[in-house]
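Here the protein sequences line up with chains A, B, C and D, keeping their order.
Residue numbering for the first sequence follows my numbering, starting at 1 and increasing by one per position.
Residue numbering for the second sequence follows my numbering, starting at 237 and increasing by one per position.
Residue numbering for the third sequence follows my numbering, starting at 473 and increasing by one per position.
Residue numbering for the fourth sequence follows my numbering, starting at 697 and increasing by one per position.
Where a beta carbon is used, it is the ideal one built from N, C-alpha and C, also for glycine.
These numbers come from a predicted model, not from an experiment.
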Amino acid sequence: MINKQVTSISDAVADVFDGATVMVGGFGEAGSPIELIHALIDQGATNLTVVNNNTGSGEVGLAGLIKAGRVSRMICSYPRTTNSTVFPELYRSGATKLELVPQGTLAERIRAGGAGIPAFYTATSVGTPLGDGKELRQFENRDYVLETGLTADFALIKGARGDRYGNVTYNKTARNFAPIMAMAAKTTIVQVGSFVAAGDLDPEAIITPGIFVDRVVHVADPAHESALVAKGVTYP
Amino acid sequence: MINKQVTSISDAVADVFDGATVMVGGFGEAGSPIELIHALIDQGATNLTVVNNNTGSGEVGLAGLIKAGRVSRMICSYPRTTNSTVFPELYRSGATKLELVPQGTLAERIRAGGAGIPAFYTATSVGTPLGDGKELRQFENRDYVLETGLTADFALIKGARGDRYGNVTYNKTARNFAPIMAMAAKTTIVQVGSFVAAGDLDPEAIITPGIFVDRVVHVADPAHESALVAKGVTYP
Amino acid sequence: MTTPADTVGLTRDEMAQRVAIDIPDGSYVNLGIGIPELVTQHVPEGRELVYHTENGLIGMGPSPEPGQGDPELINAGKRQVTALPGAAYFHHADSFAMIRGGHIDVCVLGALQVAANGDLANWSTGAPDAIPAVGGAMDLVAGVKTIYVITQHCTKHGDPKLVEACSYPLTGVGVIDRVYTDLAVIDITREGFQLIELSPGVSFDYVQDRTGTKLLPMQGARGA
Amino acid sequence: MTTPADTVGLTRDEMAQRVAIDIPDGSYVNLGIGIPELVTQHVPEGRELVYHTENGLIGMGPSPEPGQGDPELINAGKRQVTALPGAAYFHHADSFAMIRGGHIDVCVLGALQVAANGDLANWSTGAPDAIPAVGGAMDLVAGVKTIYVITQHCTKHGDPKLVEACSYPLTGVGVIDRVYTDLAVIDITREGFQLIELSPGVSFDYVQDRTGTKLLPMQGARGA
């Protein structure tokens, strides 16, 4: 019987290796898999390339991972944060590199990576510093840049409900990058607030089919980043 | 107040013009918008380019449109049908042209057209007759062909439930090409089995958000192609 | 200290109201952070606009009542919002398919600089120590059908934001359709900045003096 | 009329059973029309496979009870099927993202011809009056990790289907991993067709005689 449930969150991230590329779901705090990130901090993997729209806030979750010196490179669209000086300091010191990607290009590159599309053309960034050095091509008299698909070794994702097949639903705008990251990673690890029986999820409303998911961990009552930051929590 | 509901199915397709490109949802009979196609037959537009995975069966729905001589060109992946000689005859006579596209490339071209991606690379068809003459390019030592996005003037689609904003859900495998065709057409016309109040559809489970839909027509108890064919119905 | 800019021209809300007048009923709209967000409060009676936020929601409603919010229901500015009846959630690739694919009718953005050819700079001052951050701005200007800029006519230092050519890094090339400032409404045309409307009590010369390049007077009217 | 091909070698069900043995527990599987579909009936006890059908369903179950079907719940062969608990529906672009993106573990297809380098021809005989139709075959062979062919060793006319080079139009280049026929199991290797297993009562020479090019004998065994 297929059962992708992993009962221990530390087991779920045990094989993340030094130098891995890790996609982390979430846009701001919505959809940020805090507990999985904290398990990854405990696990100790370093020299990671992390793909996330932002760089976390405060000193918990993704910002905690960055502060712990585990991230050598960020791929994101908006690394500025109101509540965190963690990334700016490491960026300015050169300890953490940054690949800045327009948000829609980032999303499409991840989706392409998951869909077996090695490259595609987009008008986004044409004529801007982020389009500099990219291959230009005209289609119907408009300029486009060539962008490549993005894949990862691991994806860490926060879902709302999940089952033993790895089917996942999300809560509101916590969905954001999670479904496409689940497609683009070799190993996709999802924390879900509720673990339900196979068949409990409406097959018309499953957002991430289990084929894209490798491990499901039940994390009841996951923390919210803003609440941790407001309480002054730091991790580790 | 936004209200995309059109009460008359003939009004819904009134502006389809001669020479238009029309995407028609459905894979076999699942999701085939029979009533909208019949309204289009009645409306009379001709010299159409039709995008559908197949070419219909019997002499109703899409096969009826083709038999009526309205389709000068089909873009599809599998034009052979067990229950219809309509397309084969017109194809052999040269009256209807065929652009044969692998099914996944067809789907991705439609999705690209709707997503503002003018072109992408895929390994599908490399080294085959359907890849002949296409631009080849290597990424990481593998060959890919360049494929372009596909758009349309109109999409005719069958949904299960819809609301005044044009939000749509589908029934089972009737979903198939509909969500991407809705994205790729300038004017998307959806027949729905149930017309519901705004807010009745779960925002987590809306498959086609209304932004992709222009008109919604309520067609209660839509016909199934196989039932019509079994009864020997022809249209017109 | 009182300068003319403090005493003439539109308030932020009046600017937003002026933009709202130009957005047709039924439009799908994406609003940038800041003054653009005020547009929702000034939609004329009888019009319904649908708001898209690029982090995965269409049918976005106002901020929640205190204590009623969900930290996982936020907008692109990462502030808590609500979802109206008829709203839908979707993932980021689908969200930017709406943007890139030309499905959003109007985007209203802030600006650092707008050039006479429609170039926009609004993501970076190019300062060497700044953390570069672009978000969805480049996708929005490349994909949305109509791009409006809403901005003070000049910077806090009195420098013109409407210029012959942007000195800051570009967000997009030739993408802006119209600029709404405290002083005027100005279209981007083939010939450059075309004055469309002056704010009450503001003269052509007053606006021209605060514009970094030639401003074409209103058609059928004489400059100054 | 009785030929040796009628009396030796596996039945269609035995061929499907032989394939099923090689598909690991928990695999995501796409089955072509015909003999491949029989695989579902021969999965060894204790294994669970998940079936994908490219028209938008994963977790596909068997045919419905008579009168219980839904004409909108069909498989790629357009026959009515069921959805098992844990199934999910999705649209065509997502479905082929599963295929093209390498998420399906095993695809079992029929063949007109398989070449010694792994080329497959299974969509067209190239007959000039035929209506060309490809469906999802080219996407499947380009995207799925492991491609198995299940086929009679020879055509109805007794011609070999395993050939040096395909004469029919190709579905994909170098895509086949293994071929299961009524007579043998044969891998595609850098050196060509490598015999892995003979069906009961079938000799190496018997298979070689019915194969259009050189067949490498089983390793550790002597040819014939």
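Give the secondary structure of residue i by DSSP, where H, G and I count as helix, E and B as strand, and everything else as coil.
i: H564 of chain C; result: helix
i: V511 of chain C; result: helix
i: S430 of chain B; result: strand
i: T187 of chain A; result: strand
i: H38 of chain A; result: helix
i: D681 of chain C; result: helix
i: L808 of chain D; result: coil
i: I668 of chain C; result: strand
i: S308 of chain B; result: strand
So with CB distances below 7 angstroms, who are the chain B contacts of residue i?
i: I530 of chain C; result: P445 and I447
i: A588 of chain C; result: Within 7 angstroms Cβ-Cβ: nothing; A588 of chain C doesn't reach chain B, min ~27 angstroms.
Strictly below 9 angstroms CB to CB, what residues from chain B border residue i?
i: H799 of chain D; result: Neighbours of H799 of chain D on chain B: none; closest Cβ ~13 angstroms, over 9 angstroms.
Name, please, each residue of chain A whose Cβ falls closer than 7 angstroms to the Cβ of residue i.
i: A783 of chain D; result: P203
Interface residues of chain D around residue i at Cβ under 8 angstroms?
i: M181 of chain A; result: What M181 of chain A touches in chain D: nothing, since even the nearest Cβ is about 13 angstroms away.
i: T360 of chain B; result: R796, M834, D835, A838 and G839
Can you pull the chain D residues whose beta carbon is under 9 angstroms from the beta carbon of residue i, in chain order?
i: K408 of chain B; result: G752, L753, D766, E768, L769, I770, A779 and Y785
From the options, pick the residue whose C-alpha is nearest to that of residue i; which is it?
i: G349 of chain B; options: C:G574, C:A593, C:V578 and C:D591; result: C:G574
i: A817 of chain D; options: D:A838, D:D825 and D:V802; result: D:A838
i: S125 of chain A; options: C:R572, C:D577, C:K617 and C:F665; result: C:R572
i: D649 of chain C; options: C:I668, C:Y640 and C:P632; result: C:I668
i: G939 of chain D; options: D:T736, D:Q776 and D:N771; result: Residue 939 of chain D lies beyond the stretch modelled for chain D, which goes from 697 to 920, so this question has no answer here.
i: I661 of chain C; options: C:Y561, C:L581 and C:A587; result: The amino acid at residue 661 of chain C is misidentified as Ile; the sequence shows Thr. Cα-wise, what sits closest to T661 of chain C is C:A587.
i: G700 of chain C; options: C:V616, C:T623, C:E544 and C:L545; result: The structure shown does not extend to residue 700 of chain C, since chain C spans only 473 to 696, so no value can be given for it.
i: A793 of chain D; options: A:I211, A:M23 and A:P236; result: A:I211
i: G481 of chain C; options: C:G644, C:P689 and C:T623; result: C:T623
i: P781 of chain D; options: A:A230, A:I206, A:A220 and A:D200; result: A:D200
i: D659 of chain C; options: C:V491, C:R484 and C:D485; result: C:V491
i: D709 of chain D; options: D:V735, D:T703, D:S723 and D:V725; result: D:V735
Have a look at residue i and residue j and give me their C-alpha separation to the nearest angstrom.
i: E636 of chain C; j: T685 of chain C; result: 5 angstroms
i: S246 of chain B; j: G330 of chain B; result: 30 angstroms
i: A779 of chain D; j: Y327 of chain B; result: 36 angstroms
i: T243 of chain B; j: V453 of chain B; result: 6 angstroms
i: A174 of chain A; j: G528 of chain C; result: 8 angstroms
i: A155 of chain A; j: M181 of chain A; result: 6 angstroms
i: Y406 of chain B; j: K394 of chain B; result: 8 angstroms
i: T653 of chain C; j: H629 of chain C; result: 16 angstroms
i: R347 of chain B; j: A420 of chain B; result: 7 angstroms
i: P203 of chain A; j: P896 of chain D; result: 44 angstroms
i: I754 of chain D; j: G728 of chain D; result: 15 angstroms
i: S57 of chain A; j: D42 of chain A; result: 19 angstroms
i: Y747 of chain D; j: Q191 of chain A; result: 25 angstroms
i: G695 of chain C; j: Q666 of chain C; result: In this prediction, G695 of chain C has a pLDDT of 44, which is less than 50 and means its spatial position is unreliable; what the coordinates show is noted afterwards. Rounded to whole angstroms, G695 of chain C to Q666 of chain C spans 11 angstroms at the Cα level.
i: A45 of chain A; j: D15 of chain A; result: 9 angstroms
i: D255 of chain B; j: A275 of chain B; result: The identity of residue 255 of chain B in the sequence shown is Gly, whereas the question assumes Asp. Distance between the alpha carbons of G255 of chain B and A275 of chain B is about 17 angstroms.
i: A107 of chain A; j: G549 of chain C; result: 18 angstroms
i: G832 of chain D; j: G868 of chain D; result: 12 angstroms
Could you tell me which chain A residues have their CB closer than 8 angstroms to the CB of residue i, listed as they occur along the chain?
i: A459 of chain B; result: The contacting residues do not exist; A459 of chain B stays about 22 angstroms from chain A at best.
i: T722 of chain D; result: Going by the sequence as given, residue 722 of chain D is Gly instead of Thr. Simply I2.
For residue i, go through chain D and note every residue whose CB falls closer than 7 angstroms to its CB, in chain order.
i: M1 of chain A; result: E744
Who are the near neighbours of residue i in its chain, counting only those whose CB is closer than 8 angstroms to its CB and skipping five residues on each side?
i: N176 of chain A; result: G25, G26, F27, A30, G31 and N53
i: A336 of chain B; result: Correcting the residue type first, residue 336 of chain B is Leu in the shown sequence and not Ala. Answer for L336 of chain B: C312, S313, P315 and L366, listed in chain order.
i: T96 of chain A; result: I66, V71, S72, R73, M74, F87 and L90
In chain C, which residues lie with their C-beta within 7 angstroms of the C-beta of residue i?
i: N477 of chain B; result: Absent from the model: residue 477 of chain B. The displayed extent of chain B is 237 to 472, so no value can be given.
i: S226 of chain A; result: P543
Output needed for residue i: all residues of its chain with C-beta closer than 7 angstroms, excluding positions within five of it in sequence on either side, in chain order.
i: R373 of chain B; result: Y357, Y380 and L382
i: H460 of chain B; result: E265
Quick one: residues in its chain with C-beta nearer than 6 angstroms to the C-beta of residue i, no 5 flanking neighbours on either side, listed in chain order?
i: A67 of chain A; result: The displayed chain sequence assigns Lys, not Ala, to residue 67 of chain A. Excluding residues within five positions, the ones whose Cβ falls inside 6 angstroms are E59 and V86.
i: K172 of chain A; result: none
i: T821 of chain D; result: Y864
What does residue i reach in chain C if we use C-beta pairs closer than 8 angstroms?
i: D399 of chain B; result: G558
Mind listing the chain A neighbours of residue i? Cutoff is C-beta to C-beta under 9 angstroms, in chain order.
i: V501 of chain C; result: Those do not exist, as V501 of chain C stays about 17 angstroms from chain A at its closest Cβ, beyond 9 angstroms.
i: Y380 of chain B; result: I117, P118 and A119
Mind pulling the chain C residues with CB within less than 9 angstroms of residue i?
i: I302 of chain B; result: Near I302 of chain B there are no residues of chain C at all, since even the closest Cβ is about 29 angstroms away, more than 9 angstroms.
What does residue i touch in chain B if you count any residue whose Cβ is under 8 angstroms from its own?
i: Y121 of chain A; result: I353, P354, A355 and F356
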